[in-house]
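>
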Amino acid sequence: QKEVEQNSGPLSVPEGAIASLNCTYSDRGSQSFFWYRQYSGKSPELIMSIYSNGDKEDGRFTAQLNKASQYVSLLIRDSQPSDSATYLCAVNRLGSYIPTFGRGTSLIVHP
Amino acid sequence: DAGVTQSPTHLIKTRGQQVTLRCSPKSGHDTVSWYQQALGQGPQFIFQYYEEEERQRGNFPDRFSGHQFPNYSSELNVNALLLGDSALYLCASSLAGSNEQFFGPGTRLTVL
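If you read the sequences in order, they're chains Y and E.
Per my numbering, the very first residue in the first sequence carries number 1; after that it's consecutive.
Per my numbering, the very first residue in the second sequence carries number 1; after that it's consecutive.
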C-alpha cells in the first residue's frame with residue numbers, strides 16, 4: 001500500500017461544476033495535510049493546508065479532513081478552465097517536516 | 001517579496017557527467033529541501049538542509065549530494081549521471097518548524 005494514494009484521473013468536469021479530488025493515506029500518525037496545484041511543465045503551488053478534522057474553506061476551495069477514515073479531499077466550487085491542472089496531495093507524519101506526495105490527480109475543466 | 005529561485009531552467013548532460021543545480025530560498029526562509037519529480041509522478045524527497053547541515057535524507061544514492069551556504073541558498077550535485085536521473089528537480093523553501101513548503105520553478109534535467 002502506498003503511503004499517499006490518489007486517483008491519477010483524469011477527472012473531467014464542466015465549467016461551473018464542483019470538482020471533488022480525493023486522497024487517502026496510510027500512516028495514522030499523520031498530522032499535516034496539503035494540496036498543491038501543478039500546471040503542466042510548472043512547479044507545485046501550495047493552495048491549501050489543513051491540520052484538524054473538518055472543513056477549511058478558502059475562496060472557491062474547501063479542504064476536508066477525516067483522520068478516522070485517513071481521508072482528505074479538496075473541493076473546487078464553480079470550476080473554471082484555468083483550474084485544469086494536476087492536484088497533488090501531500091501528508092506529513094507526526095514530527096516530520098518532510099511531506100510525502102501522492103502522484104497527483106489530473107483535473108480537466110471543459111467549457 | 002522574492003520567491004524561490006532556481007538555476008538553470010534546463011540542462012542537458014550525458015551519462016557519467018556531473019551536474020550542479022542551484023536554489024535561493026524565499027526571503028525569510030532558512031530551510032531548503034530538494035525533490036526529484038519524474039513525469040507523471042509526485043515529487044520524491046531527496047534531502048533537506050537547515051543551518052548548513054543535511055537534516056534529513058530520502059532514499060537516494062550517495063551520488064546525490066548537497067550543500068547549504070550561510071545565506072541559506074543551496075546546491076544539489078549529482079555525480080555519474082544515469083539516464084534515469086532525467087527529471088524535474090524542485091527546490092522548496094520553508095521556515096524552520098513549519099510544514100509549509102514553497103517550490104521554485106524547477107530545473108529540467110535531461111540525461112542523454
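Here a beta-carbon is modelled for each residue, glycine too, at the ideal position from N, C-alpha and C.
Taking DSSP's pairing of strands, which residues face Y:Q38 in a bridge?
BP columns for Y:Q38 point to Y:T86.
> For E:G66, which of helix, strand or coil comes out of DSSP?
Residue state, collapsed to three classes: strand.
> In its own chain, which residues sit with a C-beta less than 7 Å from the C-beta of Y:V84, not counting the 5 before and 5 after it?
This sequence places Ser at residue 84 of chain Y; Val is not what is there. The answer, listed in chain order, is L107, I108, V109.
> For E:S94, count neighbouring C-beta atoms within 10 Å of its own C-beta (all shown protein chains included) and say buried if the count is 16 or more, exposed if not.
Buried, because 16 or more other Cβ atoms sit within 10 Å of the Cβ of E:S94.
> Check E:D85 in the structure and name its three-state DSSP category.
In the structure shown, E:D85 sits in a helix (DSSP, three-state: H, G or I).
> Quick check: the Cα distance between Y:S131 and E:N77, rounded to an integer number of angstroms?
The structure shown does not extend to residue 131 of chain Y, since chain Y is modelled only from 1 to 111, so the question has no answer here.
> Rounded to a whole number of angstroms, what is the C-alpha to C-alpha distance between E:Q101 and Y:Y25?
Going from the Cα of E:Q101 to the Cα of Y:Y25 covers about 19 Å.
> Within this structure, are the beta carbons of Y:S40 and Y:S73 separated by less than 8 Å?
Against a cut-off of 8 Å, the Cβ pair of Y:S73 and Y:S40 comes out as no contact.
> Residues in the same chain with beta-carbon distance under 8 Å from Y:E15, minus the five sequence neighbours each way, listed in chain order, please.
The answer, listed in chain order, is S79, Q80, P81, V109, H110, P111.
> Mark E:I12 as exposed unless 16 or more other C-beta atoms lie within 10 angstroms of its C-beta, in which case mark it buried.
The residue is exposed, with fewer than 16 neighbouring Cβ atoms inside 10 Å.
> So if DSSP puts Y:D78 in a beta bridge, which residue, or which two residues, is it bridged to?
Paired residues: none, contrary to the question.
> Excluding the 5 residues preceding and the 5 following Y:I98 in the sequence, name in chain order all residues of the same chain whose CB lies nearer than 8 Å to its CB.
Same-chain partners within the cutoff: N92.
> Whole angstroms is fine: what's the gap from E:S91's alpha carbon to E:G104's?
Before going further, note that residue 91 of chain E is Cys rather than Ser in the sequence given. Approximately 6 Å, taken between the alpha carbons.
> Grab me the residues of E:L3's own chain with a C-beta within less than 6 Å of its C-beta, minus the 5 sequence neighbours each way, in chain order.
Here the sequence assigns Gly to residue 3 of chain E, which means Leu is not the residue at that position. Around E:G3: K26.
> For E:N59, which of E:Q48, E:G106, E:H10, E:T5 has the nearest alpha-carbon?
The candidate whose alpha carbon is nearest that of E:N59 is E:Q48.
> Which ranges does the alpha helix (DSSP H) cover as unbroken runs of at least 4 residues, wholly within the stretch 7-59 of chain Y, from first to last along the chain?
Counting only runs of 4 or more, we get nothing.
> Taking any Cβ of chain Y, which residues in the stretch 55-76 of chain E have a Cβ under 7 Å from it, in chain order?
The residues in question are Q56.
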